[in-house]
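Engineer:
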Amino acid sequence: MGLPLFAATFVCAIAAGTCLADPPPNDECADATSITGKGVFEFDNTEATTDGVADPSCAQYGPGEIVADVWFCWTAPCTGTATVDTSGLAPPWSMKLAAYRACSCPEEDANALLTCDECDYEAQIAFDVVAGESYLLRVGHSALRPAGGPGQFAVTCTPAGPTCEHAAANCQGSRGWGGVSSNSVNWAAADDFVPLHDGLVTDVCWWGAYRLIGSSDQFEVRYFDDAGGVPSDLIAGPFRQSDGTLLVSGPRAAGLLSCQTLEMEYAATHTPVAVQAGACYWIELRNDPPGTEWWWSVSASGNGRRARRYPTSPYRYGPADDDLAWCLSLEVSDSTVCIPPPPPNDNCKYFIEIAGEGVFPFDNREATTDSTTRYWCGFNGTDIAHDAWFCWTAPHDAEVSVDTCGQTAVDTLIEVYESCDLCPPPQDLLISCDDDMCGLQSSVAFYATGGQRYLIALGTYDAAPGGTGTFRIRLRPPNDNCAHAIGPAGVSKRPDPHRHGAKQPHRPVVGQPRPRRRRRRALRDARAGAEPAPDRAMGPRTAAEP
480 MGLPLFAATF
490 VCAIAAGTCL
500 ADPPPNDECA
510 DATSITGKGV
520 FEFDNTEATT
530 DGVADPSCAQ
540 YGPGEIVADV
550 WFCWTAPCTG
560 TATVDTSGLA
570 PPWSMKLAAY
580 RACSCPEEDA
590 NALLTCDECD
600 YEAQIAFDVV
610 AGESYLLRVG
620 HSALRPAGGP
630 GQFAVTCTPA
640 GPTCEHAAAN
650 CQGSRGWGGV
660 SSNSVNWAAA
670 DDFVPLHDGL
680 VTDVCWWGAY
690 RLIGSSDQFE
700 VRYFDDAGGV
710 PSDLIAGPFR
720 QSDGTLLVSG
730 PRAAGLLSCQ
740 TLEMEYAATH
750 TPVAVQAGAC
760 YWIELRNDPP
770 GTEWWWSVSA
780 SGNGRRARRY
790 PTSPYRYGPA
800 DDDLAWCLSL
810 EVSDSTVCIP
820 PPPPNDNCKY
830 FIEIAGEGVF
840 PFDNREATTD
850 STTRYWCGFN
860 GTDIAHDAWF
870 CWTAPHDAEV
880 SVDTCGQTAV
890 DTLIEVYESC
900 DLCPPPQDLL
910 ISCDDDMCGL
920 QSSVAFYATG
930 GQRYLIALGT
940 YDAAPGGTGT
950 FRIRLRPPND
960 NCAHAIGPAG
970 VSKRPDPHRH
980 GAKQPHRPVV
990 GQPRPRRRRR
1000 RALRDARAGA
1010 EPAPDRAMGP
1020 RTAAEP
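Letter 537 of the sequence shown, counting from 1, is numbered 1016 in my numbering, and no numbers are missing.
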């Protein structure tokens, strides 16, 4: 009969001073466990020591050292791109992965490191491999989180496909994170380009990612003329993979996108499309793989602008931030010439002066968004965008309404501040704001003092494009209703906010959107199909962009 647990612990403590478990068999690089092919593999670095070299390039979220490391010698089953991924397979501590050439233990400055990564608590790496060759895999965690444990990692190998061989001057390459949905159902995306010379576009490359890999692709490519910074007339296409007018090669695994999913590279040919040097054009790319969603990768180069088509009839394009990743069969030049100038009142410092009652035009198609974020009106948790600015002078004391109802197709937002003197205006000067008082248009009301100047911001819901239209300013006398009855001294009595039934203009409730407006927004987004965003450093797992 063995000793009770407490007795065994005591004997261990007396005999050895401390009880230490044995390290794992692959604790040392020289004892790496041999694995091969694709699959899910076990590891346990609970008692692992640290014996690998420190790699400065592995210091994304802390020191470059990978501590408590265990080692594997993996043999590639294909020539292409390998991925090693701990997502959902390892305990919630800061994992780190590294891959090295061959299975000889790396030394300082040996240039053996192929790649390493830690994406927050999980880690994913991708690197090119050759069938039959062996690669050293190092699994551990950050020195900032010294606790190890058991877990698993998944290994894939995607055979190499055609590589885009166009020169850098023909391309806007992928930046490695962020993507936008582009399909025929909800949102379609397009990007602008300017040919450096007259010529023919005969083939195109691009990068993208899937929510679920394995579906068949249904790519379509279209080319458009430019009109005011958005796609206009179709000049070529649609070239469709489904009918053979677009011959697509790939996909080829190109790495990881946003530490979340495998990024793919594609190449395709179609009948020649004639283009002229210096002109602005747009390329639209869609994919409708059954059973999943596809994202077009975002590029780090370009003019910072793309376009998206809205799921309304008739289809229309609006500008959006970011560029998309592609290459063409001809050299391209600077595309900033394709961006129209902003309106003169794009910045609150350069507002347009208006006064009195009337109908006033606005154009915020190319308006940017001023730097101050203004969530104060509770516009369903979003900010106002594409804001154009007006400074309005009240002719006399009155209750004032400002609205865009029935005067534009733009999804408007309106804010009113009680002074034109500060830019950007602070929150304590905000006196009224609205999003969807009348459909997708807006209406605000406030009490004005004769001779005072009020700053009006007319913008859009942040996922909507700008446009043109008018807004109306109407005045009612201060004693328009009994709540404002003029007293013996001739002074209008302002409504008591605590009196039941007192007539009140709409005033913002900070961070508390009205339930009716929230329902309207939800219904509208459901009809339109929400797009993220991008990137907002949006990764491809976000539902929609902006």
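Where is the CB? At the ideal position from N, CA and C, for every residue including glycine.
(1) Give me, in chain order, the residues of the same chain whose beta-carbon lies closer than 6 Å to that of Q931; leave out the 5 immediate sequence neighbours on both sides.
(2) Does the region 633-653 come close enough to the region 766-783 to have 3 or more Cβ pairs within less than 8 Å?
(3) Pick out whichever of D682, M743 and I833 has its Cα sitting closest to the Cα of I1038.
(4) For a test of the three-state rule: what should DSSP assign to L919, helix, strand or coil?
(5) Which of helix, strand or coil does DSSP assign to T847?
(6) Hey, could you find the ends of the beta strand (DSSP E) C870 is sitting in?
(7) Going along the chain, which unbroken runs of the beta strand (DSSP E) with 3 or more residues stay wholly within the region 547-592?
(8) Measuring alpha carbon to alpha carbon, tell me which of V816, R787 and E810 ends up nearest L803.
(9) What does the alpha-carbon distance come out to for the pair R1000 and S921?
(10) Does DSSP put R815 in a helix, a strand or coil?
(11) For A561 and D677, I'd like the C-alpha separation in whole angstroms.
(12) So for Q755, helix, strand or coil by DSSP?
(13) What does a CB cutoff of less than 6 Å around A569 pick up in its chain, not counting 5 residues either side in sequence?
(14) Would P987 be called buried (16 or more neighbouring beta carbons within 10 Å of its own) or exposed?
(15) Residues in its own chain within less than 6 Å of T512 by CB, not counting five upstream and five downstream?
(16) Check for me: the beta strand (DSSP E) holding T637 runs from which residue to which?
(17) Measuring alpha carbon to alpha carbon, tell me which residue in N843, A706 and Q886 is nearest G837.
(18) Please report the residue range of the beta strand (DSSP E) in which L947 lies.
(19) Suppose you measure from the CA of G797 to the CA of G707; what does that come to, to the nearest Å?
(20) Could you check the C-alpha separation between P976 and V659 for me, to the nearest Å?
(21) Determine the contact status of W871 and L764, defining contact as a CB-CB distance below 8 Å.
(22) Is it the case that the Cβ atoms of P556 and G516 are separated by a distance below 8 Å?
(23) Suppose you measure from the CA of S661 to the CA of T525; what does that come to, to the nearest Å?
(24) One question on the structure: do F839 and F925 come within less than 8 Å of each other, judged by their Cβ atoms?
(25) In the DSSP assignment, the beta strand (DSSP E) including P730 goes from what residue to what residue?
(26) Is A756 buried or exposed, if buried means 16 or more other CB atoms sit within 10 Å of its CB?
(27) Quick one: Cα of D800 to Cα of R785, how far?
(28) So, helix, strand or coil for N766, using DSSP?
(29) For V549 and S776, I'd like the C-alpha separation in whole angstroms.
(30) Please determine, among F841, A715 and D907, the residue with the shortest C-alpha to C-alpha distance to D882.
(31) What is the rounded straight-line gap between the Cα of E742 and the Cα of C636?
(32) Who are S911's beta bridge partners in DSSP?
(33) Which residues does DSSP pair with A706 in a beta bridge?
(34) Is A622 near the ligand GDP, with its Cβ less than 7 Å from a heavy atom?
(35) Under three-state DSSP, which class holds R995?
(36) Can you give me the C-alpha to C-alpha distance between V879 and H645, rounded to a whole angstrom?
Structural biologist: With the structure as the only source:
(1) A873
(2) yes
(3) Only positions 480 to 1025 of the chain appear in the structure, and residue 1038 is not among them; the question remains open.
(4) coil
(5) coil
(6) I863 to T872
(7) 559-564 and 574-580
(8) R787
(9) Unreliable placement is indicated for R1000, whose pLDDT of 46 sits below 50; no coordinate value is reported for it.
(10) Residue 815 is actually Thr in this sequence, not Arg. T815: helix per DSSP, three-state reduction.
(11) 40 Å
(12) coil
(13) G630
(14) Annotation note: pLDDT 42 at P987 (below 50); position unreliable, no value reported.
(15) N505 and F551
(16) P629 to P638
(17) Q886
(18) The sequence shown places Thr at residue 947, not Leu. Looking at the DSSP string, the run of the beta strand (DSSP E) that includes T947 is T947 to R955.
(19) 10 Å
(20) Because the pLDDT at P976 is just 33, under 50, the model does not fix this residue reliably, and the value given afterwards should be weighed accordingly. Approximately 46 Å, taken between the alpha carbons.
(21) no
(22) yes
(23) 44 Å
(24) no
(25) L726 to L736
(26) exposed
(27) 6 Å
(28) strand
(29) 34 Å
(30) F841
(31) 13 Å
(32) V895
(33) V709
(34) Absent from the structure shown: the ligand GDP. Ligands present: none.
(35) Caution applies to R995, whose pLDDT of 38 falls short of 50 and renders its modelled position unreliable; the model cannot decide the point.
(36) 60 Å
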